[in-house]
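Just add 1 to wherever you are in the sequence shown, counting from 1, and you've got our numbering.
Every residue, glycine too, gets a C-beta built ideally from N, C-alpha and C.
Since the structure is predicted, the reported quantities are computational estimates derived from the model, not experimental observations.
Working notes, structure below.
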Amino acid sequence: MNKQEQQSQARLSRFSKYAWVVLAYTILVILWGAFVRATGSGAGCGSHWPTCNGDVIPRPESIETIIEFSHRLTSAVLGPMVIGLIVWAWRRYGARHRVTKGAIWTFVFVLIEGGIGAGIVLFEYVADNPSSARAVWMGAHLINTLILLAVTTATTWWASQQDWGYTNLNFRLRNNKSLSAVIGVGLFMLLIVGAFGAITALGDTLFPADSFLEGASAKFDPEAHFSVKARVWHPTIAVGTVIYLLVIFWTTDEFWSSKRRSTWTKINIELLVLQVIGGVINVLLAAPIWMQIVHLLLADLSWIALIIVAIESLSQPVGQLSADQISGIEASLTAGD
C-alpha cells in the first residue's frame, strides 16, 4: 500500500467525526455530573424535575443551583445530539447496519441515564442523604453510564472502521467463545469496580477526610458508614481487576495479532497503570474534588480503550473461520474417521 492510500484510509468521514464529538461530549457530561455530586450540588434545584425549583429557567439563588441547572442543560443537549446521530446513520448506512443499531442503543441508554438522574432528584437521593438506597441508585447510575459509553464507543469505532476500509469485518462474539469469555469477565469486573467506586465517591462527599491518616483510620471504624468502609473494597477489587487485565493482555495472542490491536492493547495497559497511580494519589490527598474528576476521567478512558480492543479482537473478515469453528470441524472429521 502506497503512502497516498494509507492517508486516504486514515481520513474520517464527517459522520465519524461527529460520532467522536458525541462520545467526547458524553464524557464531559459524565464528568460534570461527578462535579455536581462532589460539590454537594445535587439538591440545587430542590426535588423538582424537569423544572428547577419549580421554574423552567430558575433564578441563580445559589452556586449549587447554577451547578445543578447547568448539568441539566448539558445533559439535555446530549439527547438531540444522539438523535442526530441516529438519523444520519440511518441515511448513511441503512436501518439494519450495526452503526445505526449502535446509535439507537446509545439513545436508549441516554434515556435510561436521564431516568435514573431524574429518580435520584425526585427521591431526594442528593446532598447529605446517607441512605443505602442512594448508594444503590449511585451504583446503578455509574453502571448505566459505562454501558452508555460502551455502545457509543462501539458505534463510533464501527463507523471509523468503515472509513478505514474495513468493510469486510463482522463482529461476532460466538465465533471465539474463549476470547469472548476472557474479555467479558474483564468488562464485568470493571463494572463492579465502577459500582464500588460510585459508593466510595459518595462516602468522600458525605464524610470527607481532612488527611490521608484520617481517611485511613475511618475505613476500619466498626461504626463507620458503609460508604466509608467501601474505601477498602474499591481499591482492593480495582487492583485485582487491573492484575487480571494485565495478565490476559500479556498472555493472549489475539490482542497482539495486528498493529492496531497491539497499539490499543498498549494504550489499555498504559491507562490501567495511570489509573492505579491516580487512585493512589486520590487516596493520599484525601480525595480532593479535582482528583476525583481526574480519577473518573481515567476510568472512562480505560473503559473506552477496552471496548475498542474487544471490538478489534472479536472482529474477523467475513467468511473467515474462527479458531473455535476450525476446532469444531476438525473434531467432526476426527469423529467421522
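Query: Distance, residue 218 Cα to residue 108 Cα; Result: 43 Å
Query: Straight-line gap, residue 274 to residue 128 (C-alpha atoms, nearest Å); Result: 33 Å
Query: Three-state secondary structure (DSSP) of residue 263; Result: helix
Query: Entirely enclosed alpha helix (DSSP H) segments - the region 195–240, minimum 4 residues; Result: 213–220
Query: Cutoff 7 Å; reference residue 192; Cβ partners in own chain excluding five residues on either side; Result: 144, 147
Query: Inter-residue CB distance, residue 310 and residue 266 (contact presumed, cutoff 8 Å); Result: 6 Å
Query: Closest Cα partner of residue 77 within the set 164, 112, 55, 204; Result: 112
Query: Own chain partners of residue 13 with C-beta closer than 7 Å, once the 5 adjacent residues on each side are dropped; Result: 161, 164
Query: Reduced DSSP secondary structure (H/G/I, E/B, other) of residue 314; Result: helix
Query: Where residue 129 sits in the DSSP three-state scheme; Result: coil
Query: Supposed contact pair residue 159 and residue 103 - C-beta distance, whole angstroms, cut 8 Å; Result: 6 Å
Query: Exposure label - residue 222; buried when at least 16 CB within 10 Å; Result: exposed
Query: Residue range of the alpha helix (DSSP H) that includes residue 167; Result: Taken as a continuous stretch (DSSP letters only), residue 167 belongs to no alpha helix (DSSP H), as it is neither H nor E.
Query: Beta-carbon proximity check, residue 100 vs residue 156, cutoff 8 Å; Result: yes
Query: Pairwise C-alpha distance: residue 228 and residue 203; Result: 7 Å
Query: Short Cβ contact (8 Å threshold) for residue 205 with residue 141; Result: no
Query: Among 187, 123, 279, 224, nearest to residue 250 - alpha-carbon criterion; Result: 187
Query: Bounding residues of the alpha helix (DSSP H) (the contiguous stretch that carries residue 81); Result: 64–94
Query: Alpha carbon of residue 198 to alpha carbon of residue 235, nearest angstrom; Result: 6 Å
Query: Check whether residue 315 and residue 181 have beta carbons under 8 Å apart; Result: yes
Query: Cβ distance (whole Å) where residue 1 is taken to contact residue 39 below 8 Å; Result: Any question about residue 1 goes unanswered here, given that the chain covers just 2 to 338.
Query: Whether residue 50 touches residue 122 by CB criterion (8 Å); Result: yes
Query: Boundaries of the alpha helix (DSSP H) in which residue 20 is found, first to last residue; Result: 15–39
Query: N- and C-terminal bounds of the alpha helix (DSSP H) containing residue 57; Result: Run containing residue 57: none; DSSP gives neither H nor E here.
Query: Coarse secondary structure for residue 177, derived from DSSP in three states; Result: coil
Query: Per-residue burial, residue 17 [other beta carbons within 10 Å of its own, 16 or more giving buried]; Result: buried
Query: Whether residue 24 touches residue 153 by CB criterion (8 Å); Result: yes
Query: Residue 291, buried or exposed, once every other Cβ within 10 Å from all chains shown has been counted against 16; Result: exposed
Query: C-beta contact flag for residue 270 and residue 247 at 8 Å; Result: yes
Query: Buried versus exposed, by CB contacts within 10 Å (16 or more), residue 211; Result: exposed
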